[in-house]
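To start, the structure itself, in structure tokens.
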Amino acid sequence: MSKTLFDKVWDSHVVRKIDNGPDVLFIDRHLVHEVTSPVAFLGLKNRGIPVLYPERTFATADHNTPTRNQHLPVQDPLSANQLRALENNASEHGIPYWGLGHEKNGIVHVIGPENGITVPGATIVCGDSHTSTHGAFGAIAFGIGTSEVEMVLATQCIMQPKPKRMRININGSLNEAVTPKDVALYIISRLTTSGATGYFVEYAGEVFRNMSMEGRMTVCNLSIEMGARGGMMSPDEKTFEYVRGREFAPSGADWDSAMAYWKTLYSDADAVFDKEINFNGADIEPMITYGTNPGMGVGISRSIPKAESMEGGVATYRKSLEYMNFAEGEAMIGKQVDFVFLGSCTNGRIEDFRAFAKIVKGRKKADNVTAWLVPGSHKVEAAIREEGILDVLREAGFELREPGCSACLAMNDDKIPAGKYAVSTSNRNFEGRQGPGARTLLASPLVAAAAAVTGKVTDPRELLEPELA
Amino acid sequence: MAYDKFTVLKSTAVPLPIENVDTDQIIPARFLKATERKGFGDNLFRDWRYNPDNSPKEHFVLNNPIYQGKILVGGKNFGSGSSREHAAWAVYDYGFRCVVSSFFADIFRNNCLNVGVLPVQVSAAFLQRIFEAIEKDPGAELEVNLPEQTITLLPTGDKESFDINGYKKQNMLNGFDDIDYLLNMKEEIKSFAGDTPL
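So the protein sequences, as listed, match chains A and B.
561 is the number that the working numbering gives to position 187 of the first sequence; each next residue is one higher, with no gaps.
72 is the number that the working numbering gives to position 60 of the second sequence; each next residue is one higher, with no gaps.
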């Protein structure tokens, strides 16, 4: 019987099917961080049970960590306590832990792929909704709650009804300055923030084929923002090349048998999806959001839609614009920007810093902008130095902070002040997400860089050198 | 973690007729620093409920004493965004046992089921009738009957049935959680794992 990519991976991990109930799904690899794990470990303690397969779980500190002076003790006592709890739990249960300052430390969805924990055909979970990132490798990866973190620790399984299947096809070529982030924001703006709820998405078509692994991760990362459980792409030579030789990836004879399996991971030609959606790559322009959910995005040259043209509640829409202090019909270009945030599991990888540097090179940071540039991991940070990007950034008046989730969710001190506008490369523009009262405009690293040097929302196409033919 | 059994709940309800209520609103990230599951109800809807100086915002529904009850009724796409189970904990800890909406985000719905909060999905029209009934009379009661899988708007007798899978229904009725089930099949899991490369 023909199967989708998703079916192939899911079905091969079902330990037991329950009638009129969920599947018991085996989890190959489990990532944990400090915020959503302590109550799960406490649960194990209360039940007096061990971690079943500690070698399948990997722990890092990222959400609740400072991005400055990481060599010093963490100042906030609650944060310090939470970090200590993870360190103790990992040590007690024999789980590898990459804490602050460790060379492998960084955002959980950046370090998974970097270290070869993320491989095609695997099931990967983490107590974080952006776990969908790992789907870029042809893995089934999704976010879970803390009760499920406890289940994975205790039994290496979770219980989930099998989601429906959706395929999003985008063919054609992308326009200048249109990045994977723009492709994702475009899809979400068309599907809305709940348009893929109940589905697992496969991204297909030449637009995704042509993307780098980093770009694919950005797209899969944002699957949750249209409500999808996760998103994935069929692995190809780019995927295998990326994975090969990484520390926790298979090697030797294991590599060969893994490759034999990985090469079967595609949707069969006549596989059936519950829903199939097509877009044209040429229709996409650099995107920016104007509201308080990631579905509220427009092409940067457009204006804010009228309430009447929106699906759904007018009252909710107006409440959102009121929070942003924006009015229907206003142009996005030229809007004031106070902060720029480059980073997060969405856009905190080396390519994102390369893109940002491409625009700021030879220019200066605008005086009215505070910029926070936060690499996704120490390895990203090292590459930024090695490639000379740090010099470009410094000459333009920017500095680099230390790795972590930072202002994406503002659990640490990196909070955008109330009423201020931030162009952010992160994933959520919810009310207060980047700090109580903060106003977020989600965009690509190119749009963020254009805002950082001009002090306002600016079309990055105006600042890019024409590509030589 | 075990929770109270859920069978039939008859209660007034608290209306929140806003769409796309995300889990950052239900509980902002800065309140996720605890290492125990305690006191999250105090920060439920923190930034909608309190001013920066911690004084209550008088127009927010949780600060209006005429709205009480164990049922929270929210607009479409309730619980989107972050997977933080703390959102479901906050809802439970505040005293809600049931959330009604015309559409739920996936992870939030799942988290609710795992912590003893029953998510009840109704039609958009029924949701509208609930909001209207509460607006007319904040004392209007709802009856959520899990064994029958029905929700009834008592003042009008309007009734709708709702879906829940049979396995989760039994868990809610008995106060069981998934870990009990999984621990009972540990040998089966181990034999499955034996065939699965790391």
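Cβ coordinates follow ideal geometry from the N, Cα and C atoms, glycine included.
None of these values were measured; they are calculated from a predicted model.
Closer than 8 angstroms by C-beta to residue i: which residues in its own chain qualify, once you throw out the five before and the five after it? Chain order, please.
i	result
Gln449/A	Pro440
Asp436/A	His407, Glu408, Asn479, Gly480, Ile481, Val482, Pro777, Gly778 and Cys779
Ala843/A	Because Ala843/A sits at a pLDDT of 42, beneath the cut-off of 50, its placement in the model cannot be relied upon, and the following sentence gives the value as read from the coordinates. Cβ neighbours of Ala843/A beyond the five flanking positions: none.
Asn83/B	As written in the sequence, residue 83/B is Ile, which differs from the Asn given in the question. So the list reads Leu21, Ser23, Thr24, Ala25, Val26, Phe108, Arg109, Cys110, Val111, Val112, Leu154 and Val156, once near-sequence residues are dropped.
Pro447/A	Ala454
Rounded to whole angstroms, what's the CA-CA distance from residue i to residue j? Just pull it up for me.
i	j	result
Gly91/B	Phe432/A	28 angstroms
Thr410/A	Gln530/A	17 angstroms
Gly517/A	Leu565/A	20 angstroms
Leu596/A	Gly169/B	43 angstroms
Ala316/A	Tyr664/A	Absent from the structure is residue 316/A, since the part of chain A shown begins at 375 and ends at 843.
Glu48/B	Trp472/A	22 angstroms
Asn742/A	Tyr62/B	30 angstroms
Arg737/A	Gln140/B	54 angstroms
Ser800/A	Ser718/A	5 angstroms
Pro487/A	Arg620/A	9 angstroms
Trp721/A	Ile542/A	Per the sequence presented here, residue 721/A reads as Asn, with Trp not at that position. Rounded to the nearest angstrom, the two C-alpha atoms are 21 angstroms apart.
Asp175/B	Gly395/A	12 angstroms
Pro834/A	Thr828/A	10 angstroms
Met706/A	Lys419/A	52 angstroms
Asp397/A	Pro624/A	27 angstroms
Leu185/B	Asp556/A	46 angstroms
Asp628/A	Phe622/A	12 angstroms
Asp190/B	Asn183/B	8 angstroms
Arg775/A	Ile532/A	37 angstroms
Val103/B	Phe72/B	16 angstroms
Ala784/A	Arg802/A	11 angstroms
Note down, in chain order, each residue of its chain lying with its Cβ closer than 6 angstroms to the Cβ of residue i, except the 5 sequence neighbours on either side.
i	result
Glu588/A	Arg723 and Glu725
His98/B	Ile39, Leu44 and Phe52
Gly546/A	Asn654, Gly655 and Ala656
Ala602/A	Ala570, Tyr573 and Val575
His467/A	Val425 and Pro428
Glu477/A	His752
Phe138/B	Glu172
Cys782/A	Ser718 and Ser800
Please list, in chain order, all residues of the same chain as residue i whose beta carbon is under 7 angstroms from its beta carbon, the five residues on each side excluded.
i	result
Glu153/B	Lys22, Ser23, Thr24 and Leu166
Ala885/A	Chain A is shown only over 375 to 843; residue 885/A falls outside these bounds and no answer can be derived.
Pro609/A	Pro494, Phe511, Gly512, Trp636 and Leu639
Ile119/B	Ser95
Glu805/A	Thr666 and Tyr697
Gly81/B	Ser23, Thr24, Ala25 and Val26
Asn89/B	Glu31, Asn32, Phe115 and Ala117
Using 9 angstroms as the threshold, is the C-beta distance between residue i and residue j below it?
i	j	result
Val20/B	Glu172/B	no
Gly673/A	Ile658/A	yes
Val484/A	Ala513/A	no
Lys538/A	Gly572/A	yes
His404/A	Val526/A	yes
Thr35/B	Ala145/B	no
Gly276/B	Asp393/A	Look at the range of chain B in this structure, 13 to 210, and you will see that residue 276/B is not part of it.
Ile598/A	Ser506/A	yes
Ser818/A	Pro660/A	yes
Leu815/A	Glu773/A	no
Gly708/A	Ser563/A	no
Please compile the residues from chain B whose C-beta is within a distance smaller than 8 angstroms of the C-beta of residue i.
i	result
Ala784/A	Ala41 and Arg42
Ser521/A	Met13, Glu97, Asn123, Asn126, Val127, Asp189, Asp190 and Ile191
Thr690/A	Ile30, Glu31, Asn32 and Gly87
Phe804/A	Asp34, Asp36, Gln37 and Gly93
Mind listing the chain A neighbours of residue i? Cutoff is C-beta to C-beta under 7 angstroms, in chain order.
i	result
Ile96/B	The sequence given here has Arg at residue 96/B, not Ile. Residues of chain A passing the Cβ test: Thr410.
Tyr179/B	Ile392, Asn394, Gly395 and Pro396
Using a C-beta to C-beta distance shorter than 7 angstroms, which residues of chain B count as neighbours of residue i?
i	result
Asp502/A	Ser95
Ile518/A	Ser95
Which residues in chain A sit within 9 angstroms of residue i, going by Cβ to Cβ distance?
i	result
Met197/B	Val389, Arg390, Val398, Thr529 and Cys531
Ser173/B	Ordered by position in chain A, no residue passes the 9 angstroms Cβ test against Ser173/B, which lies about 16 angstroms from the chain.
Find the residues of chain B that neighbour residue i, judging by a C-beta separation of less than 9 angstroms, and give them in chain order.
i	result
Ala459/A	Thr47
Lys693/A	Ile30
Pro810/A	Pro40, Arg42, Arg58, Asp59 and Pro64
> What residues in the stretch 524-555 of chain A bring their beta carbon closer than 7 angstroms to a beta carbon of chain D?
Replying inline: The structure shown has no chain D; the protein chains it does contain are A and B.
> Going along the chain, which residues of the stretch 394-405 of chain A sit with their C-beta nearer than 9 angstroms to a C-beta in chain B?
Replying inline: Asn394, Gly395, Pro396, Val398, Phe400, Asp402 and Arg403
> Along the stretch 476-497 of chain A, what residues have a CB closer than 7 angstroms to any CB found in chain B?
Replying inline: none
> For the stretch 655-668 of chain A, which residues have a CB atom closer than 7 angstroms to at least one CB atom of chain B, in sequence order?
Replying inline: Asn667
>> Using a Cβ-Cβ cutoff of 7 angstroms, what residues of the stretch 64-79 of chain B are near chain A? List them in chain order.
In response: Pro64
> Of all the residues that make up the stretch 115-147 of chain B, which are near chain A by a beta-carbon distance shorter than 7 angstroms?
Replying inline: Hits within the stretch, in order: Phe115, Ala117, Asp118, Ile119, Asn122, Asn123, Asn126 and Val127.
> Taking any Cβ of chain B, which residues in the stretch 699-720 of chain A have a Cβ under 7 angstroms from it, in chain order?
Replying inline: none
>> Please list, in chain order, the residues of the stretch 439-457 of chain A that have any C-beta partner in chain B closer than 7 angstroms.
In response: Leu452, Ser453, Asn455 and Gln456
>> What are the residues in the stretch 561-574 of chain A lying within 7 angstroms of chain B by C-beta distance?
In response: Hits within the stretch, in order: Thr567, Ser568, Thr571 and Gly572.
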